[in-house]
Amino acid sequence: MKFNPAKALENSSEIGSHRGVNHMINDSATYTFESGESMKDCFDGKLEGAYLYSRHWNPTNFALAKSLAAMEGTEAAWDLGSGMAAITNTILQLCKSGDHIVSSVSSYGGTYAFLKNYLPKFNITTDFVNIVNLESVEKAIKPNTKIIYTESLTNPLLQVSDIPRLKEIAKKHKLTLVVDNTFSPLILSPKVLGADVVVYSLTKFVNGKNDTTAGAICGDSEFINNLIDLNEGTSMLLGGVLDSIRAANIHKNLFSLPIRMTQHSHNALFLAEKFEKLGLRVIYPGLKSHSQHQLMKSMMNKEYGFGGMLAIDLDTSARASRFMKLMQKNGVGYLAVSLGYFKTLFSNSGSSTSSEVPEEIQREMGLSPGLVRYSVGLDHDINSTFKTIKKCYSML
Ligand code: PLP
């Protein structure tokens, strides 16, 4: 039977303590033991179901992780304080000094900077490729390669990663396929399509409130347990855990994700089609003109549409800047980074969330200096939003 992420998510909810409809927030940093012996057993990993210390596990974080794992179809998950914590912990858990990574060049600027500028300090190097060109992915693999890293829908170019084919390559060369699914929760189920580990910035669509940063790693139980191993686990030792009060809030917001994603997608498709008719250069995987529209259709869970992210190209950063100022002034939304908010957010990728990528690489990868990336909001009347955007465009 076809995997249904929303159903799996719904089924993951449980009656909380004292029969509350929500899980009780456990805001304890430490937990008691009845005896020194049972504490020792816990440290030795022999005590099932016991909580020790919140950096390791916490019942509230566990409840959120269980729902995220259900939604992704993974055995387990772990929550962290930001998406970058999820990404860096995953990579550091999988790689040691001397290892090599093949990564999509179109990826969040912070991820690019971590791979390009930070990891070489530990003698871990990365080759960046156009993830759409599978030949170039395979060509970049070296004897010391450990990971193929990509985003299911890449930031900011909205390329579609062919996860089943990437999995074939990863399997052939015994590599781990890590996929960031931040742009397309529910729409794509990377684990079901072949990824080994799925990472998230929960800050974005999953939480949807832009009130906190958070991240998650979804994978098999062995990988998640290794991350929090007392002696060697990257997450346990680097300590990027999510606070339990935030975890409880995100957990409650998670259950409205299916309906939010459907509305984000509906509005984004509406704008993308209208923009295209206006003669704008539009990137949106839901448009037939997107070179990977068919691939997207073949991989997606159709109920949630093609996602809330779209981009248009206004040629120059100065034009993009004027346009964004006009849109903010006229109430289209906010000139802000990030995504997944109920208001529409827009930014000029090359000078903001991809500014870590050097200009010549931006040009090479096809990132126009005038690219305006939209995270389309939950607007009730998207036609009137479009009319306002059209007016702003005519004022350029
Ligand atoms: N992954 C993607 C695709 C992103 O766009 C971002 C942030 O914009 C991140 C990861 C990092 O997430 P966070 O800001 O929660 O650390």
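According to the numbering used here, the sequence shown is numbered sequentially starting from 275. Glycine included, every Cβ here is placed at the ideal spot set by N, Cα and C. These numbers come from a predicted model, not from an experiment.
Do you know whose CA, among the options, lies nearest residue i's CA?
i, options, result
"residue 326", "320, 334, 316, 335", "316"
"residue 369", "391, 399, 353", "399"
"residue 660", "642, 604, 626, 460", "604"
"residue 649", "377, 496, 538, 394", "538"
"residue 361", "544, 285, 373, 489", "489"
"residue 587", "643, 287, 503", "643"
"residue 443", "376, 281, 635, 630", "376"
"residue 301", "516, 595, 429, 397", "516"
"residue 506", "367, 335, 528", "367"
"residue 664", "552, 571, 631, 595", "552"
"residue 324", "306, 341, 340", "306"
"residue 674", "510, 579, 451, 387", "Because the chain in this structure spans residues 275 to 670, residue 674 falls outside the shown range and cannot be described."
"residue 645", "616, 571, 558, 568", "558"
"residue 424", "392, 446, 458", "458"
"residue 592", "621, 570, 578, 574", "621"
"residue 384", "651, 636, 545, 630", "630"
"residue 633", "284, 318, 337, 379", "379"
"residue 343", "286, 577, 522, 637", "286"
"residue 381", "476, 430, 359", "430"
"residue 477", "303, 655, 275, 353", "353"
"residue 349", "437, 531, 497", "497"
At a threshold of 7 angstroms, does residue i count as lining the ligand PLP (C-beta to nearest heavy atom)?
i, result
"residue 475", "yes"
"residue 361", "yes"
"residue 309", "no"
"residue 358", "yes"
"residue 523", "no"
"residue 615", "no"
"residue 325", "no"
"residue 425", "yes"
"residue 463", "no"
"residue 385", "yes"
"residue 485", "no"
"residue 429", "yes"
"residue 627", "yes"
"residue 454", "yes"
"residue 489", "yes"
"residue 435", "no"
"residue 382", "yes"
"residue 457", "yes"
"residue 509", "no"
"residue 612", "yes"
Does chain B have any CB closer than 8 angstroms to the CB of residue i?
i, result
"residue 402", "Checking the listed chains, one finds no chain B in this structure; it contains a single protein chain."
Tell me which residue opens and which closes the beta strand (DSSP E) that residue i is part of.
i, result
"residue 452", "450 to 454"
"residue 587", "583 to 587"
"residue 316", "No beta strand (DSSP E) holds residue 316; the alpha helix (DSSP H) holding it covers 310 to 317."
"residue 490", "489 to 493"
"residue 505", "First-last for residue 505: undefined, no H or E at that position."
"residue 647", "645 to 649"
"residue 354", "350 to 354"
"residue 374", "374 to 378"
"residue 609", "607 to 609"
"residue 515", "First-last for residue 515: undefined, no H or E at that position."
"residue 619", "618 to 622"
"residue 475", "471 to 475"
Let's see if you can read the secondary structure: which residues bound the alpha helix (DSSP H) around residue i?
i, result
"residue 667", "656 to 668"
"residue 555", "Element bounds for residue 555: not the alpha helix (DSSP H) but the beta strand (DSSP E), 555 to 557."
"residue 523", "518 to 528"
"residue 425", "Residue 425 -> not in any alpha helix (DSSP H); beta strand (DSSP E) instead, spanning 419 to 425."
"residue 334", "333 to 346"
"residue 466", "464 to 467"
"residue 597", "591 to 603"
"residue 411", "408 to 414"
How many whole angstroms separate the CB atoms of residue i and residue j, which I take to be in contact at a CB cut-off of 8 angstroms?
i, j, result
"residue 411", "residue 566", "Going by Cβ atoms, the distance from residue 411 to residue 566 rounds to 15 angstroms, so no, they are not a contact pair."
"residue 296", "residue 526", "6 angstroms"
"residue 471", "residue 364", "6 angstroms"
"residue 467", "residue 573", "6 angstroms"
"residue 432", "residue 585", "6 angstroms"
"residue 427", "residue 280", "Contact flag wrong, Cβ pair sits at about 18 angstroms."
"residue 359", "residue 514", "4 angstroms"
"residue 436", "residue 408", "7 angstroms"
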